[in-house]
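Take a look at the structure set out below.
Numbering (our numbering), first residue to last: 157 to 331.
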């Protein structure tokens with residue numbers, strides 16, 4: 157499913173900065189959100205090719221319309237117990253600092269628009285996830301939504317490793 161922001165000015169950050177449009181998804185029972193403008197598309201799991209010497213949180217790479225995209229398991233990255241993929245599992249394909257990366261999630265919940273006034277700084281102590289991954293927390297009527305800082309989920313050094321993995325996956329094998 158490709159995501160195209162709504163045609164009105166409420167897509168992503170508005171010019172007056174009062175609303176955000178987010179994609180929310182579930183990982184280990186927790187709800188996370190990312191700015192819809194960072195999301196290229198959401199896909200069902202496809203065949204993932206493992207790459208030698210990849211960090212543990214990297215599932216491997218996928219061929220997405222001719223492009224090689226590294227896939228990161230958010231459960232592994234955040235230190236949550238692993239689980240088998242099922243019909244709800246989705247890969248959220250994003251762009252992080254110029255690098256296209258897929259993030260495996262348990263499920264994608266919704267596209268949501270929120271007012272900036274419901275967004276708070278991240279708590280001092282985040283339970284179950286490193287606080288540096290958290291950009292902020294949105295207080296919704298019936299739940300909290302953890303807004304991720306995708307640049308912190310994948311560090312600059314790790315982005316370089318993912319670029320190398322991408323290159324290795326594209327290189328022809330030599331026998």
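The C-beta atom is built at its ideal place from N, Cα and C for all residues, glycine as well. As the structure is a prediction and not an experimental result, all values here were calculated from the model.
Counted within 10 angstroms of its Cβ, other Cβ atoms place residue i as buried (16 or more) or exposed
i: residue 298; result: exposed
i: residue 189; result: buried
i: residue 237; result: exposed
i: residue 180; result: buried
i: residue 242; result: exposed
i: residue 314; result: buried
i: residue 306; result: buried
8 Å contact criterion, which residue i and residue j should meet: CB distance rounded
i: residue 290; j: residue 278; result: 4 Å
i: residue 264; j: residue 198; result: 5 Å
i: residue 245; j: residue 260; result: 7 Å
i: residue 204; j: residue 227; result: 6 Å
Neighbourhood of residue i by C-beta, 8 Å cutoff - its chain only, sequence neighbours within 5 removed
i: residue 206; result: 215, 216
i: residue 183; result: 230, 231, 234, 236, 261, 262
i: residue 252; result: 194, 306, 307, 309, 310, 315
Local conformation of residue i per DSSP, three classes
i: residue 192; result: helix
i: residue 306; result: helix
i: residue 181; result: strand
i: residue 233; result: helix
Separation of residue j from residue i, as counted between CA atoms
i: residue 221; j: residue 318; result: 18 Å
i: residue 177; j: residue 296; result: 14 Å
i: residue 200; j: residue 247; result: 6 Å
i: residue 302; j: residue 254; result: 23 Å
i: residue 273; j: residue 304; result: 17 Å
i: residue 186; j: residue 271; result: 21 Å
i: residue 213; j: residue 240; result: 15 Å
Same chain, Cβ closer than 6 Å to residue i, neighbours up to 5 away in sequence not counted
i: residue 225; result: 218, 256, 258
i: residue 309; result: 289
i: residue 275; result: 292, 294
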